[in-house]
Ligand SMILES: Nc1ncnc2c1ncn2[C@@H]1O[C@H](COP(=O)(O)OP(=O)(O)O)[C@@H](O)[C@H]1O
Ligand SMILES: [Mg+2]
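Residue numbers (this note's numbering), protein chains in the order written: chain U, 9 to 303; chain S, 212 to 465.
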């Protein structure tokens, strides 16, 4: 009898604790969500006015045009086309360099997970992930700006971004490989398939959506990088596709707009665009990741 | 066991760690066009023995194999591994169709993954014939180009058998192929194995005694890595020589 009462009391206490804890979790998540909504709402209110076709097709205005437009209460002419093209150029080059190398490294680390060299490579990659991006910018500056292109260049910017992407690709490749069950690999071996063909024709296709997730996340991570690009790509008022010359990038433009009192309005619209783009990449990679679970 | 065995296992030992053999000095011969069941309690080395037959252990360099296995008189260790695995197919405990491939692609995976080029008509033939032999054709003929992973567990396992026999092997190794299946699917696969032995030699690992009794012609009983006893299934079940076999069959352990 007394035992039963004790048990009931115990359960009630536990329920109370559960409830309290649930409220705490809800409160915590609301606190996290609010700033994101505030940021997006703020950017949208201030920035949406500037966003139209020419925002994407025209290069950044000069400060004089911007001043006149602002004083007349009109929207600022021009757009971020030079930044878009520069970002696109550098992201493509960085992807071409980092994705193959990162994937091969990730596969190597996974396949030889017990070897000492593999764990050395893994540690280096983890350390690289923690290096502040400005320092990677300085390294790219020393190697490429000083040593290769003899001046600020899109290529130097791409190298900085490559170094940032590499550890992310390596990591996600290794994690993705871990998710492929051993019997799938053995099924290929049991058909007499050689090792390298198993990797190319089974492992990589099976992990396609996982790899794509990692790549998209890496892209969304580097798209907003500003500091390393200041030391490498520098920025350019015109659209340029010459990898040996300076180019602009969307985050570089945001920084330029911020520094020009006449162009502050463009800060909001460029930021709004960047934010939405990166958020969409994130969401896309999430939906891919959800698909990947079926194996 | 008989005079013209297809496979002879000769004093085979396999060790995962040095000094501790999971399979100890096993010798046996496997009869052509029959089902040979390998029985024994969990952990006695059945899978280890089976995987030695298609040299699966070579994927893991730390595993040491000694002794010999002869396929039609020729040592498997002197054959090119692709030839060996073409002649000896394997079906695993859990169905493992390639998740990136359609049903059709899974059946011909042995060819495509090895870059063996076939005409489309040849491929179509192989797919239809293999799926017919595993009695899956009628169930999937309208969804050949859907992913194999959409099938039920039992269908997936029959697809994996189709993938193995599409390569036209002489021997089929099956490692507890029904242990992940429900009773209905199990019965289907068992019926199928009975059909398949007309064309292939089947080596079937099972820890299910009644399954061994139902469908096998010959049986091997293993215990702690040793082959305790082997012979005609009927004899082994009705008149075991070794008392460990008897203890196992009467449910004293396992
Ligand atoms: N990959 C492995 N590494 C080390 N030991 C293993 C490995 N696989 C199996 N073993 C050991 O070898 C013995 C036989 O295993 P196994 O052949 O899988 O038995 P069964 O298939 O009869 O259940 C067991 O003692 C098991 O623990
Ligand atoms: Mg086993």
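Ideal placement from N, C-alpha and C gives every residue a C-beta, glycine not left out. Only a predicted model underlies this, so the values are computations on that prediction, with no experimental measurement involved.
Can you tell me whether DSSP reads residue i as helix, strand or coil?
i	result
residue 67 of chain U	coil
residue 417 of chain S	coil
residue 72 of chain U	helix
residue 225 of chain S	strand
residue 197 of chain U	helix
residue 302 of chain U	Confidence is the limiting factor: at residue 302 of chain U the pLDDT is only 48, short of 50, which leaves the residue's position unreliable, though a coordinate-based value still follows. Coil.
residue 402 of chain S	helix
residue 437 of chain S	strand
residue 231 of chain S	strand
residue 36 of chain U	helix
residue 442 of chain S	strand
residue 458 of chain S	helix
residue 358 of chain S	strand
residue 278 of chain S	strand
residue 219 of chain S	strand
residue 187 of chain U	coil
residue 212 of chain S	Low local confidence applies: a pLDDT of 47 at residue 212 of chain S is under 50, so the model's placement there is unreliable, with the coordinate-based value given in what follows. DSSP places residue 212 of chain S in coil when its eight states are reduced to three.
residue 255 of chain U	strand
residue 236 of chain S	strand
residue 289 of chain U	helix
Looking at ligand 2, does it come within less than 7 angstroms of residue i, judged from the CB to the closest heavy atom?
i	result
residue 237 of chain S	no
residue 387 of chain S	yes
residue 164 of chain S	A query on residue 164 of chain S cannot be resolved here, the shown segment of chain S reaching from 212 to 465 and no further.
residue 156 of chain U	no
residue 264 of chain S	no
residue 416 of chain S	yes
residue 258 of chain S	yes
Look at the alpha carbon of residue i and the alpha carbon of residue j, and state the distance between them as a whole number of angstroms.
i	j	result
residue 262 of chain S	residue 214 of chain U	24 angstroms
residue 210 of chain U	residue 195 of chain U	10 angstroms
residue 466 of chain S	residue 406 of chain S	The structure shown does not extend to residue 466 of chain S, since chain S spans only 212 to 465, so no value can be given for it.
residue 429 of chain S	residue 19 of chain U	59 angstroms
residue 106 of chain U	residue 220 of chain S	50 angstroms
residue 440 of chain S	residue 333 of chain S	44 angstroms
residue 427 of chain S	residue 229 of chain S	34 angstroms
residue 63 of chain U	residue 182 of chain U	40 angstroms
residue 44 of chain U	residue 282 of chain U	14 angstroms
residue 359 of chain S	residue 317 of chain S	7 angstroms
residue 144 of chain U	residue 164 of chain U	11 angstroms
residue 256 of chain U	residue 99 of chain U	12 angstroms
residue 178 of chain U	residue 166 of chain U	18 angstroms
residue 246 of chain S	residue 418 of chain S	15 angstroms
residue 212 of chain S	residue 389 of chain S	With a pLDDT of 47 at residue 212 of chain S, under the threshold of 50, the modelled position of that residue is not reliable, and no figure is offered here.
residue 218 of chain S	residue 284 of chain S	8 angstroms
residue 366 of chain S	residue 275 of chain S	35 angstroms
residue 263 of chain U	residue 83 of chain U	19 angstroms
residue 239 of chain U	residue 146 of chain U	7 angstroms
residue 33 of chain U	residue 41 of chain U	12 angstroms
residue 456 of chain S	residue 17 of chain U	56 angstroms
residue 258 of chain U	residue 75 of chain U	21 angstroms
residue 127 of chain U	residue 119 of chain U	11 angstroms
residue 313 of chain S	residue 306 of chain S	15 angstroms
residue 137 of chain U	residue 391 of chain S	42 angstroms
With C-beta atoms as the reference, is residue i less than 8 angstroms away from residue j?
i	j	result
residue 369 of chain S	residue 329 of chain S	no
residue 287 of chain U	residue 226 of chain U	no
residue 303 of chain S	residue 371 of chain S	yes
residue 412 of chain S	residue 243 of chain S	yes
residue 458 of chain S	residue 199 of chain U	no
residue 224 of chain U	residue 121 of chain U	no
residue 177 of chain S	residue 278 of chain S	Coverage of chain S is limited to positions 212 through 465, which leaves residue 177 of chain S absent and any answer about it impossible.
Please confirm whether any heavy atom of ligand 1 lies closer than 7 angstroms to the CB of residue i.
i	result
residue 94 of chain U	no
residue 430 of chain S	no
residue 340 of chain S	no
residue 205 of chain U	no
residue 251 of chain S	yes
residue 459 of chain S	no
Scan the segment 288 to 337 of chain S and note each continuous alpha helix (DSSP H) run of 4 residues or more that stays entirely inside, going in chain order. 292 to 298, 314 to 318 and 320 to 323
Those runs of the alpha helix (DSSP H) which lie wholly inside the segment 224 to 287 of chain U and span at least 4 residues: 235 to 238 and 258 to 267
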